[in-house]
Amino acid sequence: MSENKQHPDEKKRRQKDATDSTDVVSKRKDLRKKEDKIVGKIILVIALTLLIIGCVFGFTVYRYIDSGLKPLDSNNDQLVSIEIPSGSSNKQIGEILEQDQIIKSGIVFNYYTKFKNMTGFQAGFYQLAPNMTLDEIGKQLQEGGTSEPTEVADGKITIPEGIDAEQIAERVAKVTGKDKQEFLDLLKNESFFNELTQKFPELLESAAKAENAKYRLEGYLFPATYDYYKDMSLKDLIIQMVNKTNTVLQPYFSTIKQQNHTVQEVLTLASLVEKEGVSESDRKNIARVFYNRIDIGMPLQSDISILYALGEHKEFVTYEDTAVDSPYNLYTNTGYGPGPFNSPSEAAIQAVIEPAENDYYYFVADITTGEVYFAKTYEEHMELVHKYVNS
(Lines of atoms letter the chains of each structure in order from A and count residues from 1; the text may use other names and numbers.)
(Lines give C-alpha, C1' and ligand atoms only; values in the text may rest on other atoms or scores of the structure.)
Protein backbone atom coordinates (compact mmCIF):
# COMPACT_ATOMS: atom_id res chain seq x y z
CA MET A 1 0.00 0.00 0.00
CA SER A 2 1.41 3.37 -1.02
CA GLU A 3 1.38 6.59 1.26
CA ASN A 4 0.62 10.16 0.10
CA LYS A 5 3.60 12.22 1.18
CA GLN A 6 3.56 16.09 0.99
CA HIS A 7 6.44 17.61 -0.89
CA PRO A 8 8.60 19.90 1.34
CA ASP A 9 8.34 22.84 -1.06
CA GLU A 10 4.58 22.54 -1.14
CA LYS A 11 4.47 22.61 2.65
CA LYS A 12 6.63 25.74 2.78
CA ARG A 13 4.45 27.39 0.17
CA ARG A 14 1.31 26.72 2.18
CA GLN A 15 2.93 28.02 5.35
CA LYS A 16 3.96 31.18 3.50
CA ASP A 17 0.44 31.67 2.15
CA ALA A 18 -0.97 31.31 5.64
CA THR A 19 1.54 33.82 6.99
CA ASP A 20 0.77 36.26 4.15
CA SER A 21 -2.96 35.90 4.83
CA THR A 22 -2.41 36.65 8.53
CA ASP A 23 -0.33 39.68 7.63
CA VAL A 24 -3.05 40.95 5.30
CA VAL A 25 -5.71 40.55 8.01
CA SER A 26 -3.43 42.29 10.52
CA LYS A 27 -2.73 45.14 8.09
CA ARG A 28 -6.44 45.49 7.42
CA LYS A 29 -7.14 45.68 11.15
CA ASP A 30 -4.43 48.31 11.57
CA LEU A 31 -5.83 50.27 8.63
CA ARG A 32 -9.34 50.02 10.06
CA LYS A 33 -8.09 51.26 13.44
CA LYS A 34 -6.44 54.22 11.78
CA GLU A 35 -9.62 54.94 9.81
CA ASP A 36 -11.70 54.66 12.98
CA LYS A 37 -9.39 57.12 14.76
CA ILE A 38 -9.64 59.56 11.85
CA VAL A 39 -13.44 59.19 11.76
CA GLY A 40 -13.56 59.63 15.53
CA LYS A 41 -11.50 62.80 15.31
CA ILE A 42 -13.73 64.10 12.49
CA ILE A 43 -16.88 63.35 14.53
CA LEU A 44 -15.35 65.03 17.59
CA VAL A 45 -14.43 68.11 15.56
CA ILE A 46 -17.93 68.25 14.06
CA ALA A 47 -19.55 67.78 17.50
CA LEU A 48 -17.40 70.50 19.06
CA THR A 49 -18.12 72.79 16.11
CA LEU A 50 -21.87 72.21 16.44
CA LEU A 51 -21.62 72.71 20.20
CA ILE A 52 -19.79 76.00 19.75
CA ILE A 53 -22.28 77.11 17.08
CA GLY A 54 -25.14 76.09 19.39
CA CYS A 55 -23.65 78.01 22.32
CA VAL A 56 -23.04 81.09 20.18
CA PHE A 57 -26.55 80.85 18.75
CA GLY A 58 -28.07 80.30 22.20
CA PHE A 59 -26.14 83.23 23.66
CA THR A 60 -27.15 85.41 20.71
CA VAL A 61 -30.81 84.46 21.18
CA TYR A 62 -30.53 85.07 24.94
CA ARG A 63 -28.99 88.50 24.37
CA TYR A 64 -31.68 89.31 21.81
CA ILE A 65 -34.51 88.30 24.16
CA ASP A 66 -32.92 89.96 27.18
CA SER A 67 -32.42 93.15 25.21
CA GLY A 68 -35.99 93.01 23.86
CA LEU A 69 -37.42 92.76 27.38
CA LYS A 70 -35.80 96.04 28.40
CA PRO A 71 -36.99 99.54 27.45
CA LEU A 72 -35.76 100.74 24.08
CA ASP A 73 -34.21 103.83 25.68
CA SER A 74 -34.53 104.21 29.45
CA ASN A 75 -33.50 107.87 29.21
CA ASN A 76 -36.07 108.85 26.57
CA ASP A 77 -39.48 109.77 28.03
CA GLN A 78 -40.65 111.60 24.92
CA LEU A 79 -44.21 110.48 24.22
CA VAL A 80 -45.21 109.32 20.76
CA SER A 81 -48.77 109.01 19.47
CA ILE A 82 -49.49 105.43 18.36
CA GLU A 83 -52.60 104.00 16.68
CA ILE A 84 -53.60 100.38 17.31
CA PRO A 85 -56.16 99.36 14.66
CA SER A 86 -59.21 97.31 15.60
CA GLY A 87 -58.62 93.56 15.50
CA SER A 88 -54.84 93.80 15.84
CA SER A 89 -53.16 90.66 17.20
CA ASN A 90 -50.33 90.75 19.75
CA LYS A 91 -47.92 90.08 16.89
CA GLN A 92 -49.28 92.98 14.83
CA ILE A 93 -49.22 95.31 17.86
CA GLY A 94 -45.59 94.33 18.48
CA GLU A 95 -44.71 95.14 14.88
CA ILE A 96 -46.40 98.56 15.16
CA LEU A 97 -44.56 99.37 18.40
CA GLU A 98 -41.21 98.30 16.95
CA GLN A 99 -41.81 100.25 13.73
CA ASP A 100 -42.70 103.38 15.72
CA GLN A 101 -39.55 102.91 17.82
CA ILE A 102 -41.30 102.32 21.14
CA ILE A 103 -39.84 98.83 21.78
CA LYS A 104 -36.78 96.92 20.59
CA SER A 105 -38.46 93.79 19.29
CA GLY A 106 -42.00 93.07 18.15
CA ILE A 107 -41.22 89.33 18.27
CA VAL A 108 -40.19 89.50 21.93
CA PHE A 109 -43.29 91.62 22.71
CA ASN A 110 -45.54 89.03 21.06
CA TYR A 111 -44.13 86.05 22.97
CA TYR A 112 -43.74 87.96 26.24
CA THR A 113 -47.37 89.09 26.31
CA LYS A 114 -48.53 85.55 25.50
CA PHE A 115 -46.26 84.09 28.21
CA LYS A 116 -47.64 86.61 30.74
CA ASN A 117 -51.16 85.88 29.50
CA MET A 118 -51.76 89.55 28.67
CA THR A 119 -55.07 89.72 26.85
CA GLY A 120 -57.79 92.24 26.16
CA PHE A 121 -55.63 94.75 24.30
CA GLN A 122 -57.88 97.48 22.94
CA ALA A 123 -57.82 99.43 19.72
CA GLY A 124 -57.34 103.18 19.82
CA PHE A 125 -54.78 105.94 20.04
CA TYR A 126 -52.08 105.77 22.69
CA GLN A 127 -49.23 107.94 23.87
CA LEU A 128 -46.20 105.77 24.63
CA ALA A 129 -42.52 106.44 25.26
CA PRO A 130 -39.30 104.47 24.57
CA ASN A 131 -38.48 104.34 28.31
CA MET A 132 -41.58 102.29 29.12
CA THR A 133 -41.35 98.61 30.07
CA LEU A 134 -43.31 95.89 28.26
CA ASP A 135 -45.50 95.50 31.37
CA GLU A 136 -46.31 99.22 31.41
CA ILE A 137 -47.14 99.19 27.71
CA GLY A 138 -49.24 96.05 28.10
CA LYS A 139 -51.26 97.55 30.96
CA GLN A 140 -51.97 100.69 28.98
CA LEU A 141 -53.15 98.62 26.04
CA GLN A 142 -55.49 96.75 28.41
CA GLU A 143 -56.82 100.00 29.90
CA GLY A 144 -57.64 101.31 26.45
CA GLY A 145 -56.72 104.38 24.45
CA THR A 146 -58.75 107.20 22.94
CA SER A 147 -60.99 106.99 19.89
CA GLU A 148 -59.29 110.03 18.36
CA PRO A 149 -55.68 111.23 18.56
CA THR A 150 -55.12 113.74 21.36
CA GLU A 151 -52.50 116.33 22.09
CA VAL A 152 -49.27 114.63 23.09
CA ALA A 153 -48.94 114.85 26.86
CA ASP A 154 -45.94 116.32 28.63
CA GLY A 155 -45.60 113.22 30.77
CA LYS A 156 -47.10 109.96 31.99
CA ILE A 157 -47.84 109.16 35.61
CA THR A 158 -48.12 105.44 36.27
CA ILE A 159 -49.75 104.37 39.52
CA PRO A 160 -49.02 100.67 40.22
CA GLU A 161 -51.55 98.55 42.07
CA GLY A 162 -51.18 98.51 45.83
CA ILE A 163 -49.15 101.66 46.48
CA ASP A 164 -50.31 104.21 49.04
CA ALA A 165 -50.98 107.94 48.85
CA GLU A 166 -47.47 108.97 49.86
CA GLN A 167 -45.90 106.73 47.23
CA ILE A 168 -48.30 108.14 44.64
CA ALA A 169 -47.31 111.66 45.69
CA GLU A 170 -43.66 110.80 45.06
CA ARG A 171 -44.43 109.59 41.54
CA VAL A 172 -46.53 112.68 40.83
CA ALA A 173 -43.76 114.97 42.07
CA LYS A 174 -41.18 113.19 39.93
CA VAL A 175 -43.15 113.69 36.71
CA THR A 176 -44.70 117.10 37.37
CA GLY A 177 -41.86 118.70 39.30
CA LYS A 178 -44.41 119.92 41.84
CA ASP A 179 -44.12 119.60 45.60
CA LYS A 180 -45.06 116.20 47.04
CA GLN A 181 -46.54 117.78 50.16
CA GLU A 182 -48.86 119.96 48.08
CA PHE A 183 -50.36 116.81 46.59
CA LEU A 184 -50.76 115.18 50.01
CA ASP A 185 -52.33 118.29 51.48
CA LEU A 186 -55.01 118.16 48.78
CA LEU A 187 -55.84 114.58 49.77
CA LYS A 188 -56.64 115.88 53.28
CA ASN A 189 -58.30 119.13 52.20
CA GLU A 190 -61.92 119.05 53.45
CA SER A 191 -63.15 121.74 51.05
CA PHE A 192 -61.71 119.90 48.04
CA PHE A 193 -63.06 116.59 49.35
CA ASN A 194 -66.57 118.09 49.62
CA GLU A 195 -66.33 119.25 45.99
CA LEU A 196 -65.43 115.71 44.95
CA THR A 197 -68.25 114.23 47.06
CA GLN A 198 -70.77 116.37 45.21
CA LYS A 199 -69.27 115.22 41.93
CA PHE A 200 -69.05 111.51 42.87
CA PRO A 201 -71.71 110.98 45.59
CA GLU A 202 -72.07 107.19 45.29
CA LEU A 203 -68.32 106.72 45.45
CA LEU A 204 -67.46 109.06 48.34
CA GLU A 205 -70.56 109.03 50.55
CA SER A 206 -69.11 106.48 52.99
CA ALA A 207 -65.64 108.03 52.87
CA ALA A 208 -67.20 111.30 54.05
CA LYS A 209 -68.44 109.54 57.19
CA ALA A 210 -65.10 107.93 58.04
CA GLU A 211 -63.28 109.05 61.18
CA ASN A 212 -59.55 109.40 61.83
CA ALA A 213 -58.59 108.84 58.19
CA LYS A 214 -55.00 109.89 57.50
CA TYR A 215 -55.85 110.89 53.92
CA ARG A 216 -59.46 111.30 52.91
CA LEU A 217 -58.78 110.03 49.41
CA GLU A 218 -56.52 107.09 50.29
CA GLY A 219 -57.69 104.16 48.16
CA TYR A 220 -59.65 106.36 45.74
CA LEU A 221 -56.73 107.18 43.41
CA PHE A 222 -57.12 104.33 40.97
CA PRO A 223 -53.95 102.47 39.86
CA ALA A 224 -53.57 103.32 36.17
CA THR A 225 -51.48 105.45 33.82
CA TYR A 226 -52.47 109.10 33.50
CA ASP A 227 -51.52 111.79 30.98
CA TYR A 228 -50.00 114.90 32.48
CA TYR A 229 -49.93 118.33 30.82
CA LYS A 230 -47.94 121.28 32.11
CA ASP A 231 -51.05 123.46 32.40
CA MET A 232 -52.83 120.80 34.48
CA SER A 233 -53.27 121.53 38.18
CA LEU A 234 -52.81 118.91 40.88
CA LYS A 235 -56.53 119.20 41.57
CA ASP A 236 -57.29 118.28 37.97
CA LEU A 237 -54.94 115.32 38.23
CA ILE A 238 -56.59 114.04 41.41
CA ILE A 239 -60.05 114.48 39.89
CA GLN A 240 -58.89 112.38 36.96
CA MET A 241 -57.75 109.61 39.32
CA VAL A 242 -60.92 109.67 41.43
CA ASN A 243 -63.05 109.69 38.29
CA LYS A 244 -61.27 106.52 37.14
CA THR A 245 -62.13 104.82 40.45
CA ASN A 246 -65.75 105.92 40.05
CA THR A 247 -65.85 104.50 36.52
CA VAL A 248 -64.41 101.14 37.63
CA LEU A 249 -66.75 100.82 40.63
CA GLN A 250 -69.90 101.99 38.84
CA PRO A 251 -71.02 98.44 37.91
CA TYR A 252 -70.56 97.31 41.54
CA PHE A 253 -72.39 100.04 43.47
CA SER A 254 -75.76 98.28 43.55
CA THR A 255 -74.20 94.95 44.59
CA ILE A 256 -72.26 96.62 47.40
CA LYS A 257 -75.50 98.11 48.76
CA GLN A 258 -77.33 94.79 48.47
CA GLN A 259 -74.57 93.17 50.55
CA ASN A 260 -75.05 95.85 53.24
CA HIS A 261 -71.49 97.03 52.78
CA THR A 262 -70.12 100.47 51.98
CA VAL A 263 -67.62 101.49 49.32
CA GLN A 264 -65.22 102.50 52.12
CA GLU A 265 -65.40 99.01 53.62
CA VAL A 266 -64.95 97.28 50.27
CA LEU A 267 -61.93 99.41 49.34
CA THR A 268 -60.44 98.87 52.80
CA LEU A 269 -60.61 95.08 52.52
CA ALA A 270 -59.51 95.24 48.88
CA SER A 271 -56.40 97.20 49.89
CA LEU A 272 -55.51 94.37 52.31
CA VAL A 273 -56.36 91.61 49.83
CA GLU A 274 -54.21 93.39 47.22
CA LYS A 275 -51.14 92.87 49.39
CA GLU A 276 -52.00 89.58 51.06
CA GLY A 277 -52.82 87.48 47.97
CA VAL A 278 -51.66 87.12 44.38
CA SER A 279 -53.88 84.58 42.64
CA GLU A 280 -57.61 85.12 42.15
CA SER A 281 -58.40 82.04 44.22
CA ASP A 282 -56.22 83.14 47.15
CA ARG A 283 -57.65 86.64 47.09
CA LYS A 284 -61.24 85.42 47.17
CA ASN A 285 -60.46 83.05 50.06
CA ILE A 286 -58.58 85.74 51.99
CA ALA A 287 -61.49 88.14 51.51
CA ARG A 288 -63.82 85.55 53.04
CA VAL A 289 -61.42 85.02 55.97
CA PHE A 290 -61.63 88.76 56.70
CA TYR A 291 -65.43 88.70 56.53
CA ASN A 292 -65.51 85.63 58.80
CA ARG A 293 -63.42 87.48 61.37
CA ILE A 294 -65.54 90.61 61.19
CA ASP A 295 -68.70 88.52 61.69
CA ILE A 296 -67.45 87.23 65.06
CA GLY A 297 -65.84 90.50 66.17
CA MET A 298 -62.30 89.19 65.70
CA PRO A 299 -59.53 91.66 64.69
CA LEU A 300 -58.40 91.35 61.07
CA GLN A 301 -54.76 91.15 62.26
CA SER A 302 -53.20 92.13 58.94
CA ASP A 303 -49.53 93.16 58.91
CA ILE A 304 -50.43 95.60 56.14
CA SER A 305 -52.34 97.67 58.68
CA ILE A 306 -49.33 97.75 61.02
CA LEU A 307 -46.95 98.94 58.32
CA TYR A 308 -49.40 101.69 57.38
CA ALA A 309 -49.80 102.70 61.02
CA LEU A 310 -46.01 102.82 61.40
CA GLY A 311 -45.57 104.70 58.13
CA GLU A 312 -42.87 102.22 57.10
CA HIS A 313 -42.24 99.72 54.36
CA LYS A 314 -40.28 96.79 55.77
CA GLU A 315 -40.17 93.03 55.33
CA PHE A 316 -41.00 91.81 58.82
CA VAL A 317 -43.43 92.98 61.51
CA THR A 318 -42.42 92.40 65.15
CA TYR A 319 -44.68 91.72 68.14
CA GLU A 320 -43.69 95.17 69.39
CA ASP A 321 -44.90 96.68 66.10
CA THR A 322 -48.35 95.11 66.53
CA ALA A 323 -48.87 97.20 69.66
CA VAL A 324 -48.49 100.54 67.84
CA ASP A 325 -51.06 103.08 69.03
CA SER A 326 -53.05 103.89 65.89
CA PRO A 327 -56.65 103.57 64.67
CA TYR A 328 -55.12 101.81 61.65
CA ASN A 329 -53.76 99.01 63.87
CA LEU A 330 -56.07 96.11 63.02
CA TYR A 331 -54.38 93.87 65.58
CA THR A 332 -55.69 95.89 68.50
CA ASN A 333 -58.81 97.35 66.84
CA THR A 334 -61.73 95.36 65.46
CA GLY A 335 -63.65 96.22 62.30
CA TYR A 336 -62.37 97.90 59.16
CA GLY A 337 -60.47 100.79 60.72
CA PRO A 338 -60.53 104.34 59.28
CA GLY A 339 -60.24 103.30 55.63
CA PRO A 340 -58.08 101.88 52.82
CA PHE A 341 -54.34 101.35 53.16
CA ASN A 342 -53.44 101.70 49.46
CA SER A 343 -54.96 101.88 45.98
CA PRO A 344 -56.27 98.37 45.17
CA SER A 345 -56.75 96.89 41.71
CA GLU A 346 -60.11 95.99 40.23
CA ALA A 347 -59.19 92.30 40.68
CA ALA A 348 -58.79 92.82 44.45
CA ILE A 349 -62.02 94.82 44.60
CA GLN A 350 -63.87 92.09 42.75
CA ALA A 351 -62.47 89.43 45.12
CA VAL A 352 -63.96 91.36 48.06
CA ILE A 353 -67.33 91.78 46.34
CA GLU A 354 -67.39 88.14 45.21
CA PRO A 355 -65.49 86.24 47.94
CA ALA A 356 -65.16 82.46 48.08
CA GLU A 357 -67.23 80.38 50.48
CA ASN A 358 -65.17 78.95 53.34
CA ASP A 359 -65.12 78.69 57.13
CA TYR A 360 -61.47 79.66 57.64
CA TYR A 361 -60.28 82.24 60.15
CA TYR A 362 -56.53 82.09 59.49
CA PHE A 363 -54.12 82.04 56.57
CA VAL A 364 -50.36 82.08 56.11
CA ALA A 365 -48.14 82.25 53.04
CA ASP A 366 -45.11 80.01 52.45
CA ILE A 367 -42.23 82.50 52.47
CA THR A 368 -40.42 80.46 49.79
CA THR A 369 -43.15 79.64 47.27
CA GLY A 370 -45.78 82.26 48.13
CA GLU A 371 -48.47 79.57 48.32
CA VAL A 372 -51.21 80.44 50.82
CA TYR A 373 -52.49 77.93 53.38
CA PHE A 374 -55.75 78.32 55.29
CA ALA A 375 -56.85 77.04 58.70
CA LYS A 376 -60.03 76.92 60.78
CA THR A 377 -58.39 76.96 64.21
CA TYR A 378 -55.48 78.78 65.79
CA GLU A 379 -53.75 75.46 66.54
CA GLU A 380 -53.92 74.42 62.88
CA HIS A 381 -52.69 77.86 61.90
CA MET A 382 -49.65 77.67 64.19
CA GLU A 383 -48.73 74.27 62.75
CA LEU A 384 -48.76 75.83 59.27
CA VAL A 385 -46.71 78.80 60.49
CA HIS A 386 -44.11 76.44 61.97
CA LYS A 387 -44.00 74.38 58.78
CA TYR A 388 -43.96 77.11 56.14
CA VAL A 389 -42.51 80.15 57.91
CA ASN A 390 -40.46 79.33 61.00
CA SER A 391 -38.72 76.33 59.49
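So the sequence shown is numbered by our numbering: it starts at 2 and just counts up by one. Yeah, the Cβ is synthetic: ideal placement off N, Cα and C, and Gly gets one too. What you are looking at is a predicted structure, and each value in this text was computed from that prediction instead of being measured.
- It is roughly 14 angstroms from the alpha-carbon of residue 54 to the alpha-carbon of residue 45.
- Distance from the CA atom of residue 143 to the CA atom of residue 50, rounded to whole angstroms, is 46 angstroms.
- Counting along the chain, the unbroken beta strand (DSSP E) around residue 376 starts and ends at 373-376.
- The three-state secondary structure of residue 308, taken from DSSP, is helix.
- When DSSP states are grouped into helix, strand and coil, residue 84 belongs to the strand group.
- Under DSSP, residue 265 forms no beta bridge with any residue.
- Residue 157 and residue 232 have their alpha carbons spaced roughly 14 angstroms apart.
- Excluding its 5 nearest sequence neighbours in each direction, residue 82 has C-beta neighbours in its own chain below 7 angstroms: 126, 128, 150 and 153, listed in chain order.
- Annotated three-state conformation of residue 231 is coil, per DSSP.
- In the three-state reduction of the DSSP assignment, residue 126 falls in the strand class.
- Boundaries for residue 365: no alpha helix (DSSP H) harbours it, while the beta strand (DSSP E) harbouring it runs 363-366, taken from the DSSP string.
- Residue 160 sits away from residue 184, with the two beta carbons spaced by 9 angstroms or more.
- From the listed residues 365, 372, 370 and 369, the smallest Cα separation to residue 383 is found for 365.
- Partner residues in a beta bridge of residue 297, as assigned by DSSP, do not exist.
- For the options 341, 323, 342 and 343, the alpha carbon positioned closest to that of residue 334 is the one of 323.
- Annotation for residue 269: 220, 337, 338, 340, 341 and 342 place their beta carbon closer than 8 angstroms to its own, counting only its chain and skipping 5 residues before and after.
- Distance between residue 257 and residue 351, taken at the CA atoms: about 11 angstroms.
- When rounded, the separation of the alpha-carbon atoms in residue 223 and residue 70 is 27 angstroms.
- Per DSSP, the continuous beta strand (DSSP E) segment holding residue 159 begins and ends at 156-159.
- The beta carbons of residue 110 and residue 94 sit closer together than 9 angstroms.
- Counting along the chain, the unbroken alpha helix (DSSP H) around residue 202 starts and ends at 202-209.
- Cβ neighbours of residue 193 within its own chain (closer than 6 angstroms, five residues either side excluded): 187.
- Look at residue 226 here: in three-state DSSP terms it is strand.
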